[in-house]
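In my numbering, the protein residues as written are 95 to 489. Structure first, then comments.
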């Protein structure tokens, strides 16, 4: 028997629910597509910490890696190995000479914004318009450009998604709305955001210089844990411009997490696990951390030890790109960043030479101490039953 009182059920079985009967008004299919919530769902606009704090932030770090960081590495390789093609200008724009690496680094704003738009699943016209948005936000944000790009790009992308395909002249309306929103937000907010981010970064670096022991522990532990969590430690360091002694502490914490998990899970994961965690990311252990949070204790304790050793004993500084501070041993980017800083200091005359003590400190902080300390702590926890066989196995 048909329910003629329920408008969501069509009188004609061949017609989908919600389709109007001849002469009658269209009925909503359960109301799922009506109202503001329905509009947001249709536009794929999701207000959540996952999308903005994890997806967008992580994508921003990848965009920064594929531009500024790669450009810095190219310049360093060209300079250290005397490769003319990489050290000579290949373009002159408005009187400024650019090398290959310089061109890559100059595109950091657009790269970050496009990566954020991609993470937010922006349609093509919105995504391509993010190039201009990212350039404007990064340029106006100054030293705190990455954080300004994150904020402005998210708002611009979501606004662009909201107007996308709503008119018959979408090819004009969507880029115009996205670009104007991005430039307006950049002009209004980017300088303040950039200044605030730079101020926070300077405070952290100042505090680390003033109290290298305690701040070495705090920065190392916090940034190291951020690397293992599904957020981006690299993006955090880049947004705050974390370099110098604080950057060295951040490198120590990230290395402790990556190398620590890689070595202490050797019996479960073998060579594959060693490489994927030691040169990839310790984030692979998040599932195991959720199941047994105690597996996080050994590398975290290791970072609390290596951080102050880096700041107080070896005075390890990250004077390369700030993003390198949050990369640890991922592709050896953290170590390359430290070396890049050394090379820049040599070129400027701020450093007389790269000493054996410098290399010893870098190797101990990056590889040896994290491996030894994490393994020792893990053995203790295995003995008392806090970590059991298989707890560190990667799925």
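Virtual Cβ for every residue (Gly too), placed ideally from N, Cα, C. Predicted, not measured: the structure shown is a model, and the values here were computed from it.
Point to revise | Distance between residue 469 and residue 384 (C-alpha atoms, nearest Å) | key: 20 angstroms
Review point. Secondary structure at residue 362, three-state DSSP: helix, strand or coil?
Key: Correct three-state label for residue 362: helix.
Exercise for review: Going by CA-CA distance only, name the one from 412, 361, 351 that's closest to residue 399.
Suggested key: 351
Check your understanding: Just how far apart, CA to CA, sit residue 412 and residue 457?
Key -> 14 angstroms
Practice item. Output the distance between the C-alpha atoms of residue 338 and residue 357, rounded to the nearest integer angstrom. Key: 28 angstroms
Review point. Hey, residue 291 and residue 234 are a contact pair by Cβ (cut 8 angstroms); roughly how many whole angstroms apart?
Key: With 8 angstroms as the limit, residue 291 and residue 234 do not qualify as a contact, their Cβ atoms being about 13 angstroms apart.
Review point. Within the chosen definition, does the region 214-226 reach the region 264-278 through at least 3 CB pairs nearer than 8 angstroms?
Key: yes
**Study point:** Member of 215, 243, 414, 200 whose CA lies at the smallest distance from the CA of residue 281
**Key:** 243
Practice item. Return helix, strand or coil for residue 375, following the three-state DSSP convention. Key: The answer is coil: DSSP assigns residue 375 none of H, G, I, E or B.
Check your understanding: So is residue 313 buried or exposed if we call it buried at 16+ other beta carbons inside 10 Å?
Key -> buried
Check your understanding: Whose C-alpha, out of 485, 253, 360, 347, is nearest the C-alpha of residue 388?
Key -> 485
Check your understanding: Who are the Cβ neighbours of residue 492 in its own chain at under 7 angstroms, not counting the five residues just before and after it?
Key -> No answer is possible for residue 492: it lies beyond the span of the chain, which begins at 95 and ends at 489.
**Study point:** For residue 263, the nearest candidate out of 239, 279, 219 (CA to CA)
**Key:** 219
Review point. Under 8 angstroms between the Cβ atoms of residue 459 and residue 349?
Key: For residue 459 and residue 349, yes; Cβs fall inside 8 angstroms.
Check your understanding: In terms of residues, what are the limits of the beta strand (DSSP E) holding residue 192?
Key -> 190-192
Exercise for review: My understanding is that residue 169 touches residue 132, with C-beta atoms under 8 angstroms, so please give their C-beta distance in whole angstroms.
Suggested key: Residue 169 to residue 132, Cβ: 50 angstroms. No contact.
Review point. If you draw a straight line from the alpha carbon of residue 116 to that of residue 256, how long is it in whole angstroms?
Key: Low confidence applies to residue 116: its pLDDT is 42, below 50, so where it sits in the model is not reliable enough to give any reading.
Review point. From 187, 370, 408, 251, pick the residue whose C-alpha is nearest to that of residue 450; which is it?
Key: 408
Review point. Does the beta-carbon of residue 489 have 16 or more other beta-carbons within 10 angstroms, so that it is buried, or is it exposed?
Key: exposed
Point to revise | Cβ pair count under 8 angstroms reaching 3, the region 327-346 against the region 301-310 | key: By the Cβ test, the region 327-346 is in contact with the region 301-310, since at least three Cβ pairs between them sit closer than 8 angstroms.
Check your understanding: What are the start and end residues of each continuous alpha helix (DSSP H) run of 4 or more residues lying completely inside the region 176-226, in chain order?
Key -> DSSP assignment within the region 176-226 yields the following whole alpha helix (DSSP H) runs of 4 residues or more, N-terminal first: 178-181, 194-200, 202-213.
Review point. If you draw a straight line from the C-alpha of residue 239 to the C-alpha of residue 474, how long is it?
Key: The alpha-carbon atoms of residue 239 and residue 474 are separated by roughly 44 angstroms.
Practice item. Measure the alpha-carbon distance for residue 487 versus residue 347 and round it to whole angstroms. Key: 22 angstroms
Review point. DSSP three-state call for residue 471: helix, strand or coil?
Key: helix
Point to revise | Test item: CB-CB of residue 250 and residue 276 under 8 angstroms | key: yes
Review point. So the alpha helix (DSSP H) residue 174 belongs to, where does it begin and stop?
Key: Start and end: 164-174.
Exercise for review: Give the C-beta separation of residue 210 and residue 155 to the nearest angstrom, bearing in mind that I take them to be a contact with Cβ-Cβ under 8 angstroms.
Suggested key: Rounded, the Cβ-Cβ distance is 10 angstroms, inconsistent with contact.
Point to revise | Residue nearest to residue 174 in terms of C-alpha spacing, selected from 433, 452, 184, 377 | key: 433
Exercise for review: Identify every run of the beta strand (DSSP E) within the region 377-428, keeping only runs that are complete inside it and at least 3 residues long; order them along the chain.
Suggested key: none
Check your understanding: Just checking my contact of residue 391 with residue 471 at CB under 8 angstroms: how many whole Å lie between their CB atoms?
Key -> The Cβ separation is near 7 angstroms, so the contact holds.
Exercise for review: Report the three-state DSSP secondary structure of residue 482 (helix, strand or coil).
Suggested key: coil
Review point. Looking at the unbroken alpha helix (DSSP H) that takes in residue 303, where does it start and where does it end?
Key: For residue 303, the uninterrupted alpha helix (DSSP H) segment begins and ends at 264-304.
Practice item. Would you list the residues sitting across from residue 338 in a DSSP beta bridge? Key: 412
Check your understanding: Does the beta-carbon distance from residue 157 to residue 206 come in below 8 angstroms?
Key -> yes
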